[in-house]
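A short write-up of the structure that comes next.
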Amino acid sequence: MKKRGLLTVASAATVMTLGGVGYAARRRGSNPYYQGPKSDHFDGLRFHTPNQPPDKNLSDVARWRMNGRPEAWPRSFPSPFPPDKPPRRVEGLRVVLIGHASYLFQVAGRNILVDPVFSRRASPVRFAGPKRVNPPGIVYGDLPPIDAVLITHNHYDHLDGPSMARLWQDHQPLIVAPLGNDAILRGYDDTMHVETRDWGGSVDLGAGITAHLTPANHWSARGVNDRRMALWCAYLLTSPRGVHYHVGDTGLGDGAIFRDIRARFGVPRLATLPIGAYEPRWFMQPQHMNPADAVEALGLLGAEQALGHHWGTFRLTDEGIEQPVEALAAALTEAGLPPERFPALRPGRVWEG
1016 MKKRGLLTVA SAATVMTLGG VGYAARRRGS NPYYQGPKSD HFDGLRFHTP NQPPDKNLSD
1076 VARWRMNGRP EAWPRSFPSP FPPDKPPRRV EGLRVVLIGH ASYLFQVAGR NILVDPVFSR
1136 RASPVRFAGP KRVNPPGIVY GDLPPIDAVL ITHNHYDHLD GPSMARLWQD HQPLIVAPLG
1196 NDAILRGYDD TMHVETRDWG GSVDLGAGIT AHLTPANHWS ARGVNDRRMA LWCAYLLTSP
1256 RGVHYHVGDT GLGDGAIFRD IRARFGVPRL ATLPIGAYEP RWFMQPQHMN PADAVEALGL
1316 LGAEQALGHH WGTFRLTDEG IEQPVEALAA ALTEAGLPPE RFPALRPGRV WEG
């Protein structure tokens, strides 16, 4: 394939990683993932947030690609932390970033993965699309027994089918996902059992831990004709170790989703929040917080501790690889908060509390 063709494929794969756009928004007659009743956020075909922004189209993508000024990324950006070798069980709370938005949460004797991506690319194809610039912060073979896997949404940098199929075969975990994502996951292994819930639903993970599915200002797509046909979410975990709020992807919006978390569940002990994939703002703001937004979200939540992710592993947008860290430091200073209140994690870094 000629270089120009490769670049075109790579660009298309990157766009698909962020979710299909353009004619992705074309209305089709049926939803292949979910056929449930209409609700205040499901019109019978597509899901939506209360203030769903207009879908981006191909002209928007072309404007971004032609007028954007992407910062160069290095081909390799190794973490200063060695790959973690987690203990088999932890009675307290131990968090390690695997990379991008993939975490291992060890709490109250349970091992919980969130959005596990172990593949080299976050892409629908193996030969193109966003490629890791650092290896996972846990070698797959060093994982402890996995009790549960939480999926926030179906974009390729969060739902990695090959990783999920391997985890299912090796660990048979309880898998939790928002409505419609069970059909996608079973496409990688038709024996996979997935517990799906709507916003406001919950799943008992055992050991006194409950996963509550809560709204996020985002969307979903795996291809070009399925935009917003599977639901997306954030998770609020209640456990003997306190309240932990996790967001895979979201825009700040009017802040209501964060205020509602605090009103319903109280001040979280921990909030794991995205800080990257935000430039250009005119394109990304409705769906991805920047570091200043994330600091504002922390203030709305009042969380005792925050940890930043969704940066420095897969190049998805135009900001430089270390720009989120620099912007986070500036936003914390502006808010009068100490840097240790909200560090940007690197793969393999462990936080215990």
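For the sequence shown, our numbering puts the final residue at 1368, and the numbers step up evenly by one.
Backbone N, C-alpha and C define an ideal beta-carbon position, used for all residues, glycine too.
Treat the numbers as computed from the prediction; the structure is a model and nothing was measured.
Assuming residue 1235 and residue 1303 make a contact with CB atoms under 8 Å, what is their CB distance in whole Å? As a position in the sequence shown, residue 1235 is number 220, starting the count at 1. As a position in the sequence shown, residue 1303 is number 288, starting the count at 1. Not quite, the Cβ-Cβ distance comes to about 14 Å (not below 8 Å), so this is no contact.
Confirm, please, whether the CB-CB distance from residue 1232 to residue 1266 is below 8 Å. The residue given as residue 1266 occupies position 251 in the sequence shown. The residue given as residue 1232 occupies position 217 in the sequence shown. Yes. Within cutoff.
Residue 1065 beta carbon less than 8 Å from that of residue 1101: By 1-based counting over the sequence shown, the position of residue 1101 is 86. By 1-based counting over the sequence shown, the position of residue 1065 is 50. Cβ atoms of residue 1101 and residue 1065: not closer than 8 Å.
Per DSSP, what are the beta-bridge partners of residue 1108 in this structure? Within the sequence shown, residue 1108 is the residue found at index 93, counting from 1. In the DSSP output, where bridge partners are listed per residue, residue 1108 has 1122.
Please report the straight-line C-alpha distance between residue 1239 and residue 1276, rounded to a whole angstrom. Numbered from its first residue, the sequence shown carries residue 1239 at position 224. Numbered from its first residue, the sequence shown carries residue 1276 at position 261. Going by the C-alpha atoms only, they are around 33 Å apart.
For the alpha helix (DSSP H) holding residue 1410, just list the boundary residues, first then last. Outside the displayed range of the chain (1016 to 1368) lies residue 1410, so it cannot be described from this structure.
Less than 8 Å between the beta carbons of residue 1131 and residue 1175, yes or no? Start at 1 with the first residue of the sequence shown, and residue 1131 comes out as number 116. Start at 1 with the first residue of the sequence shown, and residue 1175 comes out as number 160. In contact: residue 1131 and residue 1175 (Cβ atoms closer than 8 Å).
Would you call the stretch 1315–1325 and the stretch 1069–1078 in contact, with 3 or more CB pairs under 8 Å? no
Which partner residues of residue 1193 appear in the DSSP bridge assignment? For this step, residue 1193 is matched to residue 178 along the sequence shown. The partner list for residue 1193 (beta bridge, DSSP) reads 1212.
When you compare the CB of residue 1198 with every CB in chain D, is at least one pair closer than 8 Å? The structure shown contains no chain D; it is built from a single protein chain.
Taking only the alpha-carbon atoms, compute the straight-line gap between residue 1050 and residue 1059 and give it to the nearest angstrom. Within the sequence shown, numbered from 1, the residue matching residue 1050 stands at position 35. Within the sequence shown, numbered from 1, the residue matching residue 1059 stands at position 44. In a straight line, the C-alpha of residue 1050 is about 7 Å away from that of residue 1059.
Excluding the five sequence neighbours on either side, which residues of its own chain have a C-beta within less than 6 Å of the C-beta of residue 1151, listed in chain order? One-based indexing of the sequence shown puts residue 1151 at position 136. Here the set comprises 1113, 1114 and 1133.
Mind listing, in chain order, the continuous beta strand (DSSP E) runs of no fewer than 3 residues lying wholly within the stretch 1110–1171? 1117–1122, 1125–1129 and 1163–1165
Distance check for residue 1328 and residue 1335, CA to CA, integer angstroms please. Position 320 of the sequence shown, counting from 1, holds the residue named residue 1335. Position 313 of the sequence shown, counting from 1, holds the residue named residue 1328. Taking the straight line from one Cα to the other gives about 12 Å.
Is residue 1096 helix, strand or coil by DSSP? Reading the sequence shown from its first residue, position 81 is the one you call residue 1096. Residue 1096 falls in the coil class under three-state DSSP.
Use the C-beta contact count for residue 1053: other C-beta atoms within 10 angstroms, 16 or more gives buried, fewer gives exposed. In the sequence shown, the residue the question calls residue 1053 occupies position 38. Looking at its Cβ environment, which holds fewer than 16 other Cβ atoms inside 10 Å, residue 1053 is exposed.
Report the partner residues of residue 1365 according to the DSSP bridge assignment. Along the sequence shown, read from residue 1 onward, the residue named residue 1365 stands at position 350. Answer is 1111.
Are the beta-carbon atoms of residue 1153 and residue 1191 separated by less than 8 Å? Against the sequence shown, residue 1153 aligns to sequence position 138. Against the sequence shown, residue 1191 aligns to sequence position 176. For residue 1153 and residue 1191, no; Cβs fall outside 8 Å.
Distance check for residue 1099 and residue 1364, CA to CA, integer angstroms please. Reading the sequence shown from its first residue, position 349 is the one you call residue 1364. Reading the sequence shown from its first residue, position 84 is the one you call residue 1099. If I take the Cα positions, the gap works out to 7 Å.
Taking 8 Å as the threshold, find out whether the stretch 1196–1216 comes into contact with the stretch 1242–1251 through three or more Cβ pairs. yes
Using DSSP with H/G/I as helix, E/B as strand and the rest coil, what is residue 1339? As a first step, residue 1339 is located in the sequence shown; it is residue number 324 there, counting from the start. The answer is helix: DSSP assigns residue 1339 an H, G or I state.
Ends of the beta strand (DSSP E) at residue 1184? Taking the first residue of the sequence shown as 1, we reach residue 1184 at position 169. First-last for residue 1184: 1176–1186, but that is the alpha helix (DSSP H), not the beta strand (DSSP E).
Three-state secondary structure (DSSP) at residue 1062? Within the sequence shown, numbered from 1, the residue matching residue 1062 stands at position 47. DSSP places residue 1062 in strand when its eight states are reduced to three.
So residue 1354 and residue 1344 are in contact, right, with Cβ under 8 Å, and what is the actual spacing, rounded? Numbered from its first residue, the sequence shown carries residue 1354 at position 339. Numbered from its first residue, the sequence shown carries residue 1344 at position 329. Between residue 1344 and residue 1354 the Cβ distance is about 6 Å, and since that is below 8 Å, they are a contact.
Is the beta carbon of residue 1253 closer than 8 Å to that of residue 1225? The residue given as residue 1225 occupies position 210 in the sequence shown. The residue given as residue 1253 occupies position 238 in the sequence shown. For residue 1225 and residue 1253, yes; Cβs fall inside 8 Å.
In this structure, how does DSSP classify residue 1275 when only helix, strand and coil are distinguished? Residue numbering aside, residue 1275 sits at position 260 when the sequence shown is read from its first letter. It is helical.
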